[in-house]
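Worksheet for the structure shown next.
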Amino acid sequence: GAGVSQSPSNKVTEKGKDVELRCDPISGHTALYWYRQSLGQGLEFLIYFQGNSAPDKSGLPSDRFSAERTGGSVSTLTIQRTQQEDSAVYLCASSLVYSGVEQYFGPGTRLTVT
Amino acid sequence: GESVGLHLPTLSVQEGDNSIINCAYSNSASDYFIWYKQESGKGPQFIIDIRSNMDKRQGQRVTVLLNKTVKHLSLQIAATQPGDSAVYFCAESWSGNQFYFGTGTSLTVIP
Numbered sequence: 141g142a143g144v145s146q147s148p149s150n151k152v153t154e155k156g157k158d159v160e161l162r163c164d165p166i167s168g169h170t171a172l173y174w175y176r177q178s179l180g181q182g183l184e185f186l187i188y189f190q191g192n193s194a195p196d197k198s199g200l201p202s203d204r205f206s207a208e209r210t211g212g213s214v215s216t217l218t219i220q221r222t223q224q225e226d227s228a229v230y231l232c233a234s235s236l237v238y239s240g241v242e243q244y245f246g247p248g249t250r251l252t253v254t
Numbered sequence: 096g097e098s099v100g101l102h103l104p105t106l107s108v109q110e111g112d113n114s115i116i117n118c119a120y121s122n123s124a125s126d127y128f129i130w131y132k133q134e135s136g137k138g139p140q141f142i143i144d145i146r147s148n149m150d151k152r153q154g155q156r157v158t159v160l161l162n163k164t165v166k167h168l169s170l171q172i173a174a175t176q177p178g179d180s181a182v183y184f185c186a187e188s189w190s191g192n193q194f195y196f197g198t199g200t201s202l203t204v205i206p
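Quick note, the sequences are listed as chains A and B, same order.
Once you know that position 107 of the first sequence is 247 in our numbering, the rest is easy, because the numbers rise by one and skip nothing.
Once you know that position 47 of the second sequence is 142 in our numbering, the rest is easy, because the numbers rise by one and skip nothing.
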């Protein structure tokens with residue numbers, strides 16, 4: 141595709157349920173990032189993947205959050221036992237290499253936990 | 096201007112005027128900076144970048160200035176248009192590390 145795509149665009153879930161958010165990066169981009177953006181706030185780094193290296197999970201807020209990237213392409217962010225404070229827009233970005241170049245962002249998934 | 100941890104600053108300008116959006120970055124070792132524009136309901140969009148070995152870079156209607164002495168970055172938009180209304184973020188990174196984003200500045204262009 142022409143850009144980074146994310147699905148679903150919106151997700152409403154009940155507290156305690158698990159959710160999966162999907163990201164399709166730009167073809168050929170080796171680096172993939174997940175961010176969280178709360179209302180009126182900046183972007184909070186969650187995790188990044190670079191090629192076949194072990195992911196940097198230093199930004200994940202709790203062990204309820206996990207992510208994987210299959211085949212060096214599509215990534216899934218999973219939030220288990222969702223809490224109301226997990227409500228935010230989850231943004232995925234990809235870049236050609238890891239550092240020193242711009243990231244291309246997807247449109248995000250708006251997660252609402254009721 | 097914006098700074099990490101503060102509520103979203105706002106800036107209102109008349110259409111046709113120049114806009115200046117400021118950013119105080121946190122790490123003196125940062126060597127790469129990007130300005131992003133985020134319109135409502137969309138992901139951030141790249142505007143312009145600058146590396147630490149430069150102090151100015153120009154694009155189409157935009158100029159980024161970098162002052163490493165005071166860890167300050169600014170984005171200048173010439174002849175601001177209604178389509179420029181958005182939230183603008185600066186992001187910094189240093190070798191081998193991820194990007195860190197500021198809180199953002201909300202720009203409103205008054206027709």
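Backbone N, C-alpha and C define an ideal beta-carbon position, used for all residues, glycine too.
Predicted, not measured: the structure shown is a model, and the values here were computed from it.
The beta carbon of A/V159 sits closer than 8 Å to those of K151, T153, T218, I219, T222, L251, all from its chain and outside the five residues before and after it, given in chain order. Taking the C-beta atoms as reference points, B/I143 is found nearer than 9 Å to B/G154.
Note that the C-beta distance between B/S188 and B/F194 is below 9 Å. Linking B/A124 to B/L170 through their CA atoms gives a straight-line distance of about 20 Å. For B/I129, the nearest beta carbon of chain A is closer than 9 Å to its own beta carbon. Contact annotation for B/K137 against chain A: F245, P247, G248 [CB-CB distance below 9 Å, chain order]. Bridge pairing for B/F141: B/Y131 [DSSP]. By the beta-carbon neighbour count (other beta carbons within 10 angstroms, threshold 16), B/G199 is buried. Exclusion of the five residues before and after A/K157 leaves T222 as the residues of its chain whose Cβ lies within less than 6 Å of its Cβ. When the beta-carbon positions are compared, A/F189 and A/S198 stay at least 9 Å from each other. The beta carbon of B/Q140 lies closer than 8 Å to those of Y131, K132, Q133, E134 in the same chain, with the five residues before and after it left out. According to the DSSP secondary-structure assignment, A/K151 is paired through a beta bridge with A/L251. The DSSP-derived three-state label of A/T210 is helix. Nearest C-alpha to B/N117 among B/L103, B/V204, B/R146, B/G178: B/L103. Among the CB atoms of chain B, none fall inside 9 Å of the CB of A/V214. For B/I116, the uninterrupted beta strand (DSSP E) run begins and ends at 114–119, by DSSP.
Just measuring C-alpha positions, the residue of A/E225, A/V229, A/S178 sitting nearest A/S202 is A/E225.
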